[in-house]
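Inspection log for the structure reproduced underneath, given as C-alpha cells.
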Amino acid sequence: MKNRIGMKRNLVGLTILLSGLTAACSSSNQWKMTAPTSAKETGVIVYGAKKLEIENYLSQHPEAQAREVSGQHNIYEIYSVSHKEIQRNFQQYEVYKNEFYPLKHREELTLQKLKTQIQLFNSNNANNSNPFASCVKAEETPSPSITIEFPKLELADGTMDLGGFFSLSATSSQAHPNYPSELKKTWIVIPPSESKSQASTVVGEQLNYKPDTVGSYQIGLVVQDTRSVCALSRGTIIVTHNPGYQGPTVSLDDFRAKHNLAAFRHLGELQAEESWNYSEGQGVLIAIIDTGVNYNHPALVHNIHLNGGEIANNGIDDDNNGYVDDSIGYDFANFDEDPYDDEGHGSHVAGLAASGVMGMARQARILPIKALSPLGGDPASIAAAVLYAVDRGAKVINMSLGGGSSPHPLMIKAMAYAEAQNVTVVAAAGNGDANGHPVNIDESPIYPAALTNSNIISVAAKDSVGVLAPYSNFGVVSVDVAAPGGGITQGDQIFSCTTYNPDGHLYVGLQGTSMAAPIVAGIAAQVYAIYPGLAPSQIRSILMSSGTSVESLKTLVGSGKYINAYQAVLRSAQLRMLTQNL
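Here you go:
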C-alpha cells in the first residue's frame, strides 16, 4: 500500500514594459525542461509576465534559470534568485514561491536502515577481505560524493531512458580533514517494487547498473573511515519509457471477452453493468492528471483521446495551443509530448475512470496529463495541467493527488478557471497523516479536495463492507461521497491497469482514495453523457443524493452515502426528461 494522497502512502531583474522590443538573447542552458523533483529545487513563480520579459531578465542575470510552466497562461518559474529580488523586479505581476509535494510511498534511505543490508552483504560474502565494521557515531564524518559518469545527468533529478545503464563513481569522496584515511565504499541500490531485482549491494569505487523497469531507483553510497565512522550520500535516478502511441492491435470486444468482470469487484458494488444500459460515458473527455498513463495498455489504448488538430512527431504546434506534438496529451514534469506513466499510479487511475474493461465510463475518452514524477510534484505544474485540461475540452478532471497545509495561489486560480468553464473536478480526500491515521480535512485540510469550489467533488474511500476504509480521510463539510477504494488487506484491493513491468503484468491491486476518486470521475462522465446540460454543481448533487445510505458515513462525509452508478444515471435521465417536459 503506497503512502501518498490517494494511495495509502500521502512554484528579478529589470522588467521590460515597452511593447515591440526584441528580446535579448538568453542562453539556452538557462531554460530548464524539467519540473522540480524536491523542495530544494523549487523556484519562484511569476504569473502574468510574457516570455519576452523572462528572456530579457535571463539575459541580464546569467546566474538565473527559468522554466516555462504554462506559456499560454503566462506562468514561469525562475531559479537561483531570491523571492524578494523577483518581487522587486516583477512588481506588476503576481509572484509566489513554488512548493513540492513528495510521494512518500518509499522510505528515505538512512544509515540506520542500511545497516541490515550491509550486514547481510557481509555475511553472504565471507571471503571479502575488507568488510564494513559496525558504524561508530562521531560529529566529524567523512564526506561521501556520488558522480554520475554515464549518462550525463544531475543526480538530484536525473531521468534516463529504459534500456540503458548508469555508471556512478565514488572517487570524489573524502575523509574528514582531521582524520585522513582510506575509505571503504559500499553502494546500495533500491529498485522500484515492480523490478525483478532485489536491493543490490556493491563494494568499490564504481557502480554499474542496468535498470529492468521504469520508476525511481534509490541510490545510497556509504563510506567508512579507519575509525569505523560512516557517512551516507543518497540520490535518485528516474527511469522512464516513452514509446509512441501505437494504437489498438485487437478489437475492444475481443479483448474484453477475455475477462471475467467479476474480478473487478468494484463494478458489482456500484451496479455498473446495470448503469451501462443507460450510459457508458460516450465521448466524454476525462483528463487524468497524475503520473502519466500507459497509453498502449490493451485495456486503455482504445479510449485514449487523439488530438485531431495535431500531427504527431512533426515538431510543429499544428493546432497553435502552445504545445508541440501533444497528439495524446502532455507531460508537465518533463515538458514534452509523452505523458507516459513511470510509476503505475496514473495508469491504475485511468483504468478505473474509463477503461473499456473495468472503467466506469467505458466509452469515455482519456486525456493523459503527467504532472507528477515518481518522486512527487509541484503545485505550479499541477495547476498548469488543470489549465491545459480545460483548454483541451475536458469535461471531467480526475486528481488523485493533493497536499499543502494551505492552497497554493496557482491552484486556486486553476480551480476557478475550471469552475468558470463548467468542468467537473474529482479529487481524492487522502489517506491519513504520516502515521497512517485518518484525518478530518474539515480541520486539517488538504488540497484540492478541501477547496470550496462548486465544481469539486471530494471523495473518500470505502472498503468492501461499505464502511469508511480505515486509512481514508473524511469530513462532513469537505468530503462529498465515498466510493470503493479497498481495505487494508491484500484481499480487499481494487484491480486496474498498470504500467510497463518486466513480468508483463497487465493489472495490479491497490488501495486508497486514489482509487475511489476515478471511479467517481467515471460515473460523473456517465451522468454528463446522459444530460450534457448539467452544471458541475448539479452533477455533484446527483452523485451525493443518489448513493447508498450508510449510518456510519453520516458523520464522516457530506452525503452520508457511498456512490451508486446505476442510481446516479437514472437520476440524470429523470432530470433530463423533467427538464425537457417543462
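Under my numbering, the residues of the sequence shown are numbered 254 to 835, in order.
We put the beta carbon where it would ideally sit given N, CA and C, even for glycine.
Return the residue from the list the options that minimises the CA-CA distance to residue i.
| i | options | result |
| --- | --- | --- |
| G582 | D631, E527, L640, A703 | L640 |
| L520 | G609, P397, T290 | G609 |
| D733 | P384, L806, Y329 | L806 |
| G757 | F727, T466, R793, P660 | T466 |
| V803 | G813, I665, G739, N651 | G813 |
| Y300 | Y349, S634, Q746, P289 | Y349 |
| S450 | K438, W440, K463 | K463 |
| I783 | F374, N549, N530, G657 | N530 |
| S659 | N282, E696, K623 | E696 |
| P289 | E330, N675, D570 | E330 |
| A317 | G629, L796, S280 | S280 |
| N754 | F419, S448, N513, A671 | S448 |
| D572 | A703, D644, E522 | D644 |
| G417 | S425, K405, A423 | K405 |
| G685 | H601, H429, L654, S481 | L654 |
| T752 | S446, Y670, Y310 | S446 |
| Q746 | K715, Q535, H326 | K715 |
| I816 | P701, I792, N834 | I792 |
| Q764 | A423, A673, H598 | H598 |
| V857 | M797, A516, N431 | As displayed, the chain neither begins before 254 nor continues past 835, which places residue 857 out of reach and without an answer. |
| L523 | A735, K304, T295 | A735 |
| I590 | D570, S600, H601 | Here residue 590 is Glu; the residue named in the question, Ile, does not match the sequence. Per the Cα distances, D570. |
| G575 | Q372, H326, L831, L809 | H326 |
Do residue j and residue i count as a contact pair if the criterion is CB distance below 9 Å?
| i | j | result |
| --- | --- | --- |
| Y498 | I557 | yes |
| C750 | A603 | yes |
| A778 | A607 | yes |
| T544 | T412 | no |
| Q471 | I443 | yes |
| A617 | L721 | no |
| A682 | S731 | yes |
| A525 | Y781 | no |
| T677 | A713 | no |
| P698 | L663 | no |
| F748 | M652 | no |
| S469 | I491 | yes |
| S532 | S825 | yes |
| I772 | L625 | no |
| S528 | V729 | no |
| N726 | M668 | no |
| R518 | P737 | yes |
| L460 | S420 | yes |
| Y865 | V297 | Residue coverage of the chain in this structure runs from 254 to 835, which leaves residue 865 outside it and unanswerable. |
| H494 | L436 | no |
| S717 | G739 | yes |
| Q283 | L305 | no |
On the DSSP letters alone, give me the boundaries of the beta strand (DSSP E) that residue i sits inside.
| i | result |
| --- | --- |
| S626 | That residue, S626, is in no beta strand (DSSP E); it is neither H nor E in DSSP. |
| D227 | Since the displayed the chain opens at 254 and closes at 835, residue 227 lies outside it and no answer follows. |
| L538 | 538-543 |
| Q838 | Because residue 838 is not part of the residues shown, which for the chain are 254 to 835, the question remains open. |
| L759 | Neither: L759 is in no beta strand (DSSP E) and is coded neither H nor E. |
| F403 | 400-403 |
| F748 | 747-750 |
| L553 | Premise fails: L553 is in no beta strand (DSSP E) and is neither H nor E. |
| L514 | Neither: L514 is in no beta strand (DSSP E) and is coded neither H nor E. |
| K350 | 347-350 |
| S469 | 468-477 |
Since residue i contacts residue j with CB under 8 Å, what's their CB separation in whole angstroms?
| i | j | result |
| --- | --- | --- |
| L367 | L485 | 7 Å |
| E563 | S580 | 5 Å |
| Q427 | S396 | 5 Å |
| N567 | D578 | 7 Å |
| K638 | I622 | Rather than Lys, the amino acid found at residue 638 in this sequence is Ala. That pair is a contact at about 5 Å. |
| V692 | V649 | Between V649 and V692 the Cβ distance is about 26 Å, and since that is not below 8 Å, they are no contact. |
| I328 | V334 | At roughly 17 Å, the Cβ-Cβ gap does not stay under 8 Å, so I328 and V334 are not in contact. |
| S425 | E458 | S425 to E458, Cβ: 10 Å. No contact. |
| H429 | E393 | 5 Å |
| R320 | V389 | The Cβ separation is near 44 Å, so there is no contact. |
What residue does the alpha helix (DSSP H) around residue i start on, and which one ends it?
| i | result |
| --- | --- |
| D644 | 632-644 |
| I783 | 766-783 |
| V822 | 818-833 |
| G521 | 518-522 |
| E526 | 525-529 |
| M797 | 789-798 |
| Q313 | 304-313 |
| I339 | 336-342 |
| R487 | That residue, R487, is in no alpha helix (DSSP H); its beta strand (DSSP E) goes 483-493. |
Practice prompt. Can you check the segment 582-625 for any beta strand (DSSP E) of at least 3 residues that lies completely inside it and give the ranges in chain order?
Written response: 618-623
Discussion item. Please give the ranges of any beta strand (DSSP E) in the segment 671-731, keeping only runs that are unbroken, at least 3 residues long and fully inside the region.
Written reply: 677-681, 709-715
Worksheet item: Which whole runs of the alpha helix (DSSP H) in the segment 405-466 are 4 residues long or more, in chain order?
Response: Counting whole runs of 4 or more residues, the segment 405-466 contains no alpha helix (DSSP H) stretch at all.
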